[in-house]
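**Q** Can you keep this structure in mind? I'll have questions shortly.
Protein chains in written order, with our numbering: chain E, 64 to 178; chain X, 106 to 211.
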């Protein structure tokens, strides 16, 4: 199993540009998450999904959109990139059973710089 | 007041020392998680705890649900243990601690 994969690893955007960060997991997990981590700071949840077709906002959703058309894929879309979105983005997945958040598996991260 | 507090924020120790990192929280939870983030950025899940103690190699995690406190211990610490250790839990939302940066000096 590849686990959780993310592309690209690095990206530089100009202000106002758009891009999609890709995330794929092959563990048949129902839950998937997008986090951002600013330099020297902790993880903040952007969006999460409890299954195909279902997404919900996390702590910092503004400026982002997500979709979950399949169990495996959970892309994160940035529209009109801003310097405040310069961060490292992590995708994660887990299997939720009996209402308990189980172990999360993290992707390697995407380092995004907006200039 | 933050729902979760980690201490210390930074910890530097000599190789071989016994390490303790603490996580205190203020709400009722069913399980708490510990993550390890390596200097290169990669994040690995270490433990998920609902009660008692779990051990994996030189790492031991304990939790006291009534006292709302968890600890992560590292025995015989090694420079490769240098990382940021993060606790988190999920109730209605996921709540993360800000992490403890551990540096082990050879």
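Backbone N, C-alpha and C define an ideal beta-carbon position, used for all residues, glycine too.
Please name the residue in 181/X, 210/X, 142/X whose C-alpha comes closest to that of residue 171/E.
**A** 142/X
**Q** CA-CA distance, residue 149/E and residue 162/X?
**A** 37 Å
**Q** Nearest chain E C-beta to residue 157/X closer than 8 Å, yes or no?
**A** no
**Q** Going by DSSP in three states, residue 89/E sits in which element: helix, strand or coil?
**A** When DSSP states are grouped into helix, strand and coil, residue 89/E belongs to the coil group.
**Q** Compute the distance between the beta-carbons of residue 100/E and residue 86/E, then report whether it is under 8 Å.
**A** no
**Q** What's the C-alpha gap between residue 116/E and residue 123/E?
**A** 20 Å
**Q** Using 10 angstroms around the beta-carbon of residue 119/X, count the other beta-carbons present and answer buried if the total reaches 16, otherwise exposed.
**A** exposed
**Q** Using the three-state DSSP reduction, which class does residue 80/E fall into: helix, strand or coil?
**A** coil
**Q** Taking the CB atoms as reference points, tell me whether residue 191/X and residue 140/X lie closer together than 8 Å.
**A** Taking 8 Å as the Cβ cut-off, residue 191/X and residue 140/X qualify as a contacting pair.
**Q** In whole angstroms, give me the CA-to-CA distance for residue 181/X and residue 156/E.
**A** 32 Å
**Q** DSSP beta-bridge partners for residue 137/X?
**A** 154/X, 194/X
**Q** Over the uninterrupted beta strand (DSSP E) stretch that includes residue 109/E, give me the two end residues.
**A** 106-114
**Q** At the 8 Å Cβ level, is residue 105/E part of the contact set with chain X, yes or no?
**A** yes
**Q** If contacts are defined as beta-carbon pairs under 8 Å, then residue 67/E and residue 88/E qualify, I think. What distance do you get, rounded to the angstrom?
**A** 5 Å
**Q** Cα-Cα, which of 109/X, 112/X, 116/X is closest to residue 207/X?
**A** Here the closest residue by C-alpha is 116/X.
**Q** Could you give the distance in angstroms between the alpha-carbon of residue 83/E and the alpha-carbon of residue 176/E?
**A** 14 Å
**Q** State the beta-bridge partners of residue 176/X as determined by DSSP.
**A** 127/X, 167/X
**Q** Less than 8 Å separating the beta-carbons of residue 121/E and residue 108/E?
**A** yes
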